[in-house]
Structures are given as C-alpha cells and as structure tokens.
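Residue numbers (UniProt numbering), protein chains in the order written: chain C, 1 to 594; chain E, 1 to 382.
I have placed the structure first, in the form of structure tokens, so that the comments after it can refer back to it.
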C-alpha cells in the first residue's frame, strides 16, 4: 500500500478516463442490480436498531481444565446455543463467536428474553444415562394411569418399530461392539461375550424379572418417584421444536444424580432416563468412520478416558443383562437424547462403536457431539441489551438525521471553499455512498452483516475520511496551479503525489480499523467493520472515479479556463499575472515526482 | 488553529506562513501544560466510569406518568443501590443503577416493570456484568499496543524512524489530552468512548501522515542545497500543507459534530453520543498535535542528525557570506527573512508561494551556488 512512485500507469491515468469511469459505473449498476435481484434493498439491521435482545456470554475455564477455551470448544458451544435459541421457535436468532472467549447471541424482537437468557446461559452437558422407559414422542392425550414399567415397555417396543431405522437398527448396532471381530472396537467385550447374538439375547435371556433387577444395581428412583416420572413422561410433548426446547431446558437443569424425562432430538420418542452413568467428559475421542469389512456403513467409534472406560464398562455390563428398552443407554446432550443405542455386552477396554443406519452426516454429527458435546466450558452472561423496536427505530432515525446533517455541513463547506470542484467531491461522495450501501446490503445477505448503531456511526464518520481524500487531491491540484501550471497538467502532475498521500493515510486508517475489528467484541466490531469498508471504498472511489472525472473535467472550458466559480481560478489561488504556462518547478519540491 | 478565523481569507490565497517550528518551544510548553493538567485531572478527579465498568444496568422506560423521584425510589428499593433517574424529552425515563451484578439487574428490571406498570419487554435494558468493562478496557489496551507497534513500523518504513517516533509522541499526546478532558469535564466513560478513542488513533495519524508526506517531499534532496536548514524546510512544508490539514480536520469534524449535537441531542445519552464526543475531542487534539507537536518534533530530531547539522552550518556560513558581501539592497533583507523564517513571510511575501513551498521570489539569482534547477529555487522573478 505504500507510496507508489511511478505514476504513469495509474488506473485513471490521463489516457482513458472515460473507460475507467464507465468501468466503475458498470460495477455500480451490477451491485445495484445484484441488490435488487437478491430481493433485499435495505441492510440487515442489528438487534440494537431492529429491536430484540442481545447477550454477550463469556466462557469461563472450569477448574482443572486450563486449556478448555479453544476454537473447537467455542464453535461447539455456538452450535449448541444455536440449537437452543432456534429451538424456541424463533427464526433469525444469531449466535456467533467473537474474539477468543465470547459468544454473542442476538435474538430479534418478540421473543421472551427471559426464557432465552436462561436457555443460553446454561452449560451444555453431555452424559450417558440408562434408559428406564421409552414412549412415542407425542403427548399422550388419554391420561395414562401411572402404569407399571412393563406396560411402558410394551408401548415403547411397539413404538420402536415405528421409529426410524436409526433406532431400529441400533440394537444390532451396539452389539457390534462385541460382534465385530475386526476393527478397533474389538475389545475385551468381544472376548468376554463372544457368542452373543444381539437380538436373540435381548429377547430370550431376559424375562419379566429383569425389570426389577436393574433397579437394584443402577441407582434408580424410589417407587414414589417412578410414579411422578411416569406422570411427567405422560405429560411430555416432544412433537414440536418449541416444546422439545422446553423439555430439554427442564431436563438439562436436573442434577446428574436425578432421573429425568427427555425427548429425542428428532422428537420421535420420549424416555425416562436414570442418573448419569458416565459423564461426557469421560469420552476421550469419537470419530465417524466407514466400516467396509462388515458393511455396516457409517459407524461412530468411541474412545474413553481411563476413568470413563471403567464407568462405561460397569454400566454396559449392567445394561447388557437388561431387556429392551432397558438395555439402552441414552446419550444425552443438553437435556435431549441424541442417540440411544442398546448394549448387549459389557464393553471394557475403553473402546466402543455405535453402528446402525447412520449416514455420513449423522455419524459425524454424533461423533461431534460425543467429542465436544461435553463442553468443558461454562458461560457467564456479561452483558444483556434489550431494545424495543420503537427505540431502535428512533435511534436509527437520529443516526440518519445526524448523518444527513453532517453530510450537508460537509457539502456546504466544500461548496463554499471549492466552488465548482465541490461538484466533483459531491459526485464522488454519492458514488461512495451508493457503493457502501449496496455492499452493506449484499454483505447482509452473504455474510449476515448487520448494521448496528455503532456501524451507522462509523458510516457517518467515514464521510469525513472520504472527503479528506478529495481535499488532499484538490489542494494538490491547486498547488500545481499556484506554481503556474494550467489545469490539465496540474491535474495530472498533482495526482501521483496526492495518490501517495491518500494511500498512506488511508492505510493508517485501515490499519486502525483492522486492529479495532480484531481485538474488540460485540458492537464495536460493527463500527470497525464499517470504518474499514469505507476506507477501502474511499481508495476505490478516488482512484476509479474522482481522478478520471477530474481528468475529464479539466478538458471543459469552465474548469480549464479557471472560471471564478470553478474553484480553480488562478487569480484567487494567488498566481500573479501574467501567467506563464511552463514554469520550471521550484526547489526543493522535486520535479521528478510529478 | 486559533488563527483559522481571522486568517481564513489569507490562508485561502495561500499567503500566510507561521513559524511553527521556530516557536516550537512555546507549543511544547503549552502541550506539556495541557498534559500535566490532564494527568492531574485524571489523578485527582479520576474518570467517571459508566456502568459498563462497574457493572449495572440502564433501563429506558416507555412513556410513563411516573415521576423521576418515584422511579428512583422504586429502583433504589428493589436494587439496594443508588439509582440515577433522568427524565427524557418525550416523558420516558432513563434509570441507571450501578454496581449491580447481572442477576440483581434482572430482578430490578422485573420489579421496575411491575411497579411502573409497563410490560417487561417494553423496557429497554442494558445490563452489564462488572467484568465487562475490564474486558473492554483490556482489549482496548491490547488494541492500542498492537496498533502503535504496527503503525510505528509502517511509518518507519514509509517515512523514517524519526517521523514514526514523532507521530507516536503526537498520538500519545492526543490520547492524554482526550482522556484528560474526560476527567476534567466529567464525561462518562463507556465502551462507546473506548471505541471513539481507538478511532482517534487512525484519525490523528491521518492528519499527521498528510503533513509528514508533505515534509518528506519537501525535504527531498535537502542536502543538495544550502539555502534552508531542515527546520526551515519543515516549517515551509508545514505551512504548505496547512490548508489541507485544516480542511481535512474541519471536514472530519463536521459529521462528528452532527452526530454529537444533533444525533446525541435527539436521544439524550447513548452510544452515538459517547462515540462522537470522544471523536470530537480527539480529532481536535489530533489536528493540533500534528501541526504543533509532530512536525516540530521531527525537525528537532532531524537537526541532531550529523548531516543536517552540517547543512545548518553551511546555510549559516552562506548567509553570513552573503551578508558580508553586501549585495544589492533587495537581497539582504530577504535573506534575513529566510534566516529567521518568521512571520515576516506573511507581510513580505504577498506573492504566491507561502503555501506552496519555498518562495521562489526571494530565490532568484540563478548562479549563486553554482547549480541551476533542481534542488534549489528556479529563476522566477517578480
């Protein structure tokens, strides 16, 4: 960006000003066309202008995990929060990371801010819980008497058949942990229980008595609680995203040692789940791989930590002896059941795999949840802003009025000082404004750029920056005229120097905007972004519009003859007659430069 | 800048010159005074930190019949902290309670909604945790440090280290003044202020860079002539870019003033006001420092350079020789003017050059130092 020295081949060089002008006009038309084609003709407004609620959350390190705040974890947290807020049935909620440890959540007007706040503020927890009871996802209309677990089981079994193949295939899938003789999931489990046919074992081995058995080893609720849970389960509605969000909120809030009722993420089932058997932090790594040997398609391989492996071996050992659905364990993320594979044998050794009807995407999702779902992060809400649309509109109006007045003041000043030249400045400002506006609209569509109040402020401040460049150039031209040149050579000779000054100073402005953008959080970024954008556009406009326009105008008699209103009147500029067109340049100004 | 008003016309014609560099000690003195005042103000009065830095909440109610004192009572009762309540123009209330945690703030918000009998979601709130301000301040410091390092490197490459150093000093000077004014006047410091301050970085330097660019150009081939010392050249180029500096500053200030007085006045306090106030103060300080501090400082530094010392010696020798020679009556006084390079310019040189660069009028005498053309005045005569 630094000062180019040789000036002849500048864009907008005196050669073909018309072409350059045509070029930028075409670009403008294209941008405007693009804007209209996209269907949006106004920039997206930020929460502070459109109304709504904005939270800034700050990640806290949990004790013992000093390096937990990293990009992957933050991205996962964003994914989880996004799921939460959009689960409220709200469209257009935004969740974004900002900086290294902040997440911004923007929720447009008309949402229950309180609910949203609770939603985003809670920590995502991943855990493995044993499934006690399962039922179809919809709310059962007839009040079911708090039936025995056995009844529910039948319901659930039926329901299982209706469910997606994902679920259906799971029993065999999880068994594969034991059944697969090759692959990494070959574990002790295989040896311990080599001959088990999953479906068979599930059906024959366990009779009714088993129902009681699990309750002894797994810490299950007392009988009274069971009834309450059954009631809860009956009342639970998993059919809509909003109701699921509500359910998961309640479930997520429960203690790890308490049983919960929860929905499956896809709403296909609801389940009563026992206390957390293995914490999500017990998962060391999970990856989605394709199993070619056995033709099981996409599977998810799990690797547990030492501690996790032990617990997992324990719990799978217990679960394996159960009957469906109690041989299943639910992978619960944030109060929702992401997956509920069944277990046929104790899986020791810290490695396991889940298979059954995964697509590439679904296996990756699950692996991702397992790897990162147990965020070692918790968040604090550090700021919260609620703006009603009325106030936002008022602020925008005030900003626009202020901008308009600022612009008018600048125009008055320019006209008073530069007379005819002010036309060039005005036209350039106009081009700059059109470019800024259309690009903001398009960025809103493409990148989700939202115009917030500081960004409006940045745009207004940028009027000054843009006008600065014209002043630098105009003064340069006038200097040349003061040295006795006529306009056309003055326009050309003044340009290389003006260009250098403009580039150097714009670079400094841009640097400031870039640093501001990178180090700051939240609203400030909008300001920095606008400032940076307009600085860049300033360079574009000066190079591709102002300069060629000047070149063209220098050929007009009005300007070339130095009409008193042209702003280029040699007399007013202090050149003493008689004017001579070819004076040698003066020291110590270096003539080479021009 | 103070001269802007009465000298406007002559600046327009480019006739005015002022010995900024020669009188630098005055300006250094003034700046040091201002800086000391700012530091004293800062240490004695401290900054009036907004709720963003102490934690707390600002609530804006819709139109309400509730009086400010009632609202204050409610807010203080529910929060247990001092509340500041302002009645805004359109019968809305702005209630500010500081030193609250986010949890307390929410409770206060709910209590206010209940007691003032307005729907909860009609109250605009800004709740800020106590750690947020530190975050912002830390980031601001980081940003400041990064920016300064980068810009010094850039300026050192694009210009030279002395200019980079001078620009840095001018920048720190601007920031000190701006912060000092905030302390003295008692403006509230908010994240908006921090944004404004950080933006001044770019802007203050914008001015300085424009001036330095002119200086660099003016000082080219300086060693190949013996008419002017570096300081004189610096002053000349400063004068020649004065119009540009003033114009760019005015043009930059106008929109900011629009924001500050109209946008801000429209809404009472708010982000717009915070940013534009800091910008306004900082821009003015930036324009001042680029003219009165940065360039004289460069000249000072430069004069310590052996090359420039030698040049100054040559210039003095030549002037002495010229004086001794006692040439024509016209020449001597003009050389004397050159020597002092004072306001004399204003009066004597009504002809073109004041703003353009070295005055060609007094140059003349083509063969004097035996080299024509470049690096020295041309043969222009009046």
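All C-beta atoms, glycine included, are put in the ideal place defined by N, C-alpha and C.
Quick one: give me the first and last residue of the beta strand (DSSP E) that residue 106(C) is part of.
102-108
List the endpoints of the continuous beta strand (DSSP E) containing residue 126(C).
126-136
Please confirm whether residue 190(E) and residue 99(E) have their CB atoms less than 7 Å apart.
no
Answer yes if the segment 149-169 of chain E comes into contact with the segment 504-517 of chain C, meaning at least three C-beta pairs across the two stretches below 8 Å, and no otherwise.
yes
The ligand FMN and residue 193(E): does any heavy atom of the ligand fall closer than 6 Å to the residue's C-beta?
In terms of ligand content, the structure shown is empty, and the ligand FMN therefore cannot be addressed.
By the 10 Å Cβ neighbour count, where 16 or more other Cβ atoms means buried, how is residue 493(C) classified, buried or exposed?
buried
Of the listed residues 225(E), 282(E), 134(E), 258(E), nearest to residue 206(E) (C-alpha basis):
282(E)
How would you call residue 316(E), buried or exposed, if buried means at least 16 neighbouring beta carbons within 10 angstroms?
exposed
Residue 558(C) classed as buried or exposed, judged by whether at least 16 other C-beta atoms fall within 10 angstroms:
exposed
Mind the definition here: the segment 166-174 of chain E touches the segment 424-432 of chain C only if three or more C-beta pairs lie below 8 Å; say whether that holds.
no
Can you give, in chain order, each stretch of the beta strand (DSSP E) that sits fully within the segment 267-348 of chain C and has at least 3 residues?
269-273, 283-291, 297-304, 329-333, 336-339
Find the nearest neighbour of residue 451(C) within the set 378(C), 381(C), 395(C), judged by alpha-carbon distance.
395(C)
Can you tell which of 477(C), 17(C), 57(C), 28(C) has the C-alpha that lies nearest to the C-alpha of residue 439(C)?
28(C)
Using a cut-off of 7 Å between C-beta atoms, extract the partners of residue 595(C) located in chain E.
Chain C is shown only over 1 to 594; residue 595(C) falls outside these bounds and no answer can be derived.
In chain order, what residues of the same chain have a beta carbon less than 6 Å from the beta carbon of residue 449(C), not counting five sequence neighbours either side?
443
Quick one, which residues of the segment 415-426 of chain C are near chain E if we go by CB-CB under 8 Å, in chain order?
417
Okay, do the segment 307-325 of chain C and the segment 250-260 of chain C touch, 3+ Cβ pairs below 8 Å being the bar?
no
Could you please give the first and the last residue of the uninterrupted beta strand (DSSP E) stretch that includes residue 56(E)?
56-60
Out of 162(E), 239(E), 287(E), 67(E), which one is the CA nearest neighbour of residue 203(E)?
287(E)
For the alpha helix (DSSP H) that residue 547(C) lies in, which residues bound it at each end?
547-553
Starting from the C-beta of residue 471(C), find all residues in its chain whose C-beta is less than 6 Å away, skip the five residues before and the five after it, and write them out in chain order.
none
DSSP three-state label for residue 37(E), please.
helix
Any Cβ of chain E within less than 7 Å of the Cβ of residue 391(C)?
yes
Contact under 7 Å by Cβ, residue 271(C) with residue 131(C)
yes
Given that residue 259(E) touches chain C, what residues does it touch there, using C-beta distances under 7 Å?
402, 406, 457, 460
Which of the three DSSP states, helix, strand or coil, is assigned to residue 238(C)?
coil
Quick one: residues in its chain with C-beta nearer than 6 Å to the C-beta of residue 45(E), no 5 flanking neighbours on either side, listed in chain order?
183
Output, in chain order, the set of chain C residues within a Cβ distance shorter than 7 Å of residue 127(E).
383, 384
Are the CB atoms of residue 228(E) and residue 163(E) nearer to each other than 7 Å?
no
Enumerate in chain order the residues of its own chain whose CB-to-CB distance from residue 313(E) is below 6 Å, with the five nearest sequence positions on each side excluded.
none
Taking C-beta pairs closer than 7 Å, name the residues in chain E that residue 497(C) reaches, listed in chain order.
217
For the segment 264-282 of chain C, list every residue whose C-beta sits within 9 Å of some C-beta in chain E, in sequence order.
none
Can you check the segment 175-240 of chain E for any alpha helix (DSSP H) of at least 4 residues that lies completely inside it and give the ranges in chain order?
191-218, 230-240
Residues bridged to residue 57(C) [DSSP beta-bridge criterion]:
103(C), 381(C)
Alpha carbon of residue 56(E) to alpha carbon of residue 120(E), nearest angstrom
18 Å
Indicate the three-state DSSP secondary structure (helix, strand or coil) for residue 139(E) in the structure shown.
helix
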